[in-house]
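Q: Throughout the sequence shown, residue numbering follows UniProt numbering, covering 1 to 294 in sequence. I am attaching a structure below and will ask some questions about it afterwards.
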Amino acid sequence: MAFDFRGGKRERLSVSKVSKSSWTPMDDWRYKYASKSVQLPPEITEKVTLKALETGYRHIDSAKYYANEKECAVAMKKSGIDRSKIFFTTKVPASSMSYEKAKEAIEQSVAAADLGYIDLILLHAPYGGKEGRLGAWRALVEAQKAGHVRSIGVSNYGIHHLEELEEYINSGVGGQISVGQYEIHPWCAREDIVAWLKKRNVVVEAYSPLVQAQRMDEPVLQNLAKKHNKTGAQILIRWSLQKGYVPLPKSVTDSRIVENTQVFDFELSGEDMESLNTGIYAPVCWDPAKDVPL
């Protein structure tokens with residue numbers, strides 16, 4: 001579950017372009033990044049999601065694989081916040097990458113969340129082979145046309161997978177890749193994929209933007225944190241925001257859930273941003289974009 005903090009009067013990020021068919025208040029700063037609910041126990045999921053919503057987050061990122069869609073949705077309902085003000089994302093698991101399996105997974109996610117509709121469903125990873133990938137996309141398109149989901153997209157797709165999908169979409173099956181979600185941070189910038197997505201006005205979401213805390217001792221990060229009187233995590237979130245991404249930081253700690261939102265009172269300079277161009281490709285998570293062939 002990732003929490004995307006959106007909703008104040010400060011900076012604007014036009015994520016309303018997620019889809020013309022989806023109301024997405026991404027120009028509201030509470031929607032600039034999300035709270036990520038990766039495989040948390042049910043009772044913890046509900047607790048931290050409520051805390052995030054109380055703090056001001058309005059974007060919850062879940063997945064069927066995380067097995068906590070229901071708990072995220074329960075917290076959303078308990079929060080008392082109008083459904084239309086919260087953006088909820090889930091994903092079709094890698095094990096369901098075929099038309100029939102994806103259709104079933106989508107139906108199960110819609111039922112588990114019981115929110116009336118889901119704002120965004122992504123294909124979690126490009127497994128299943130060509131037939132499976134394209135079939136899963138067709139299931140998403142059908143779910144969108146039926147009103148079960150408002151926007152659709154992909155996660156962990158390499159350029160070769162994206163081009164395969166784009167060709168399929170243009171052949172007549174339809175649908176629009178609204179969002180691409182990837183592990184992105186200064187040590188895994190994925191500039192080629194980002195360029196492909198931005199050229200097509202696809203919103204870029206960045207998971208593991210804090211590099212699972214594995215780079216907090218890097219001198220460049222320590223220096224920037226000291227310069228701006230911020231934490232390393234806040235520097236990384238700020239980097240992601242200034243790149244135009246939607247970062248998805250994960251935390252189960254109340255203080256860090258709050259800390260991760262305190263990134264709108266400073267700005268990284270051009271020199272700061274340049275110093276974070278590490279040129280290093282070192283993912284800390286799985287890497288289907290690179291590892292899964294066509």
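Idealized CB from N, CA, C, for every residue including glycine. Keep in mind it's a predicted model, so treat the numbers as computed, not measured.
Whose C-beta lies closer than 8 Å to the C-beta of Val-258 among residues of the same chain, with five residues either side of it excluded?
A: Start at 1 with the first residue of the sequence shown, and residue 258 comes out as number 258. Same-chain partners within the cutoff: Thr-55.
Q: Determine the extent of the beta strand (DSSP E) in which Glu-267 is found, giving its start and end residues.
A: For the purposes of this step, residue 267 is taken as residue 267 along the sequence shown, with counting starting at 1. Here Glu-267 belongs to no beta strand (DSSP E), and DSSP marks it neither H nor E.
Q: Taking DSSP's pairing of strands, which residues face Glu-54 in a bridge?
A: To locate residue 54, count along the sequence shown from 1; it is residue 54. None; Glu-54 has no bridge partner.
Q: Hey, Val-154 and Ile-177: beta-carbon distance below 8 Å or not?
A: Residue mapping note: residue 154 aligns to position 154 of the sequence shown, counting from 1. Residue mapping note: residue 177 aligns to position 177 of the sequence shown, counting from 1. Yes.
Q: Count the other C-beta atoms from every protein chain shown that fall within 10 angstroms of the C-beta of Ala-213, then say buried if there are 16 or more, exposed otherwise.
A: Residue numbering aside, residue 213 sits at position 213 when the sequence shown is read from its first letter. Answer is exposed; the Cβ neighbour count stays below 16.
Q: Just to confirm, is the Cβ distance from Val-204 to Val-246 under 8 Å?
A: Taking the sequence shown and counting its residues from 1, the one referred to as residue 204 is at position 204. Taking the sequence shown and counting its residues from 1, the one referred to as residue 246 is at position 246. For Val-204 and Val-246, yes; Cβs fall inside 8 Å.
Q: Thinking C-beta only, is Trp-187 closer than 8 Å to Ala-282?
A: What you label residue 282 is simply residue 282 of the sequence shown in a count that begins at 1. What you label residue 187 is simply residue 187 of the sequence shown in a count that begins at 1. Their beta carbons are under 8 Å apart, which means Ala-282 touches Trp-187 by this criterion.
Q: Would you mind sorting Lys-199 into buried or exposed? The rule is 16 or more other CB atoms within 10 Å of its CB.
A: The residue given as residue 199 occupies position 199 in the sequence shown. Label assigned to Lys-199: exposed.
Q: Are the stretch 38-51 and the stretch 81-89 touching by the rule of at least three beta carbon pairs closer than 8 Å?
A: No: fewer than three Cβ pairs fall under 8 Å.
Q: Enumerate, from N- to C-terminal direction, the unbroken beta strand (DSSP E) stretches of 3 or more residues contained entirely within the stretch 99-175.
A: Within the stretch 99-175, the complete beta strand (DSSP E) runs of at least 3 residues are 118-123, 149-155.
Q: Drop a sphere of 10 angstroms on the beta-carbon of Ile-280, count the other beta-carbons inside from all chains shown, and report buried for 16 or more, exposed for fewer.
A: For the purposes of this step, residue 280 is taken as residue 280 along the sequence shown, with counting starting at 1. Label assigned to Ile-280: exposed.
Q: With the cut-off set at 8 Å, would you say Ala-136 and Gly-129 are in Cβ contact?
A: Mapped onto the sequence shown, residue 136 falls at position 136. Mapped onto the sequence shown, residue 129 falls at position 129. Against a cut-off of 8 Å, the Cβ pair of Gly-129 and Ala-136 comes out as no contact.
Q: Which ranges would you report for the beta strand (DSSP E) in the stretch 230-263 if only whole runs of at least 3 residues count?
A: Correct list: 246-248.
Q: Helix, strand or coil for Ile-60? Go by DSSP, reduced to three states.
A: In the sequence shown, the residue the question calls residue 60 occupies position 60. Here Ile-60 sits in strand by DSSP.
Q: Suppose you measure from the CA of Asp-192 to the CA of Ala-139; what does that come to, to the nearest Å?
A: What you label residue 192 is simply residue 192 of the sequence shown in a count that begins at 1. What you label residue 139 is simply residue 139 of the sequence shown in a count that begins at 1. Spanning the two alpha carbons is a distance of roughly 28 Å.
Q: Is Gly-180 near Val-202, with beta carbons less than 8 Å apart?
A: Position 180 of the sequence shown, counting from 1, holds the residue named residue 180. Position 202 of the sequence shown, counting from 1, holds the residue named residue 202. The answer is yes: Cβ separation under 8 Å.
Q: With 16 as the cutoff for other CB atoms within 10 Å, does Asp-291 come out buried or exposed?
A: Numbered from 1 along the sequence shown, position 291 holds the residue referred to as residue 291. So Asp-291 ends up on the exposed side.
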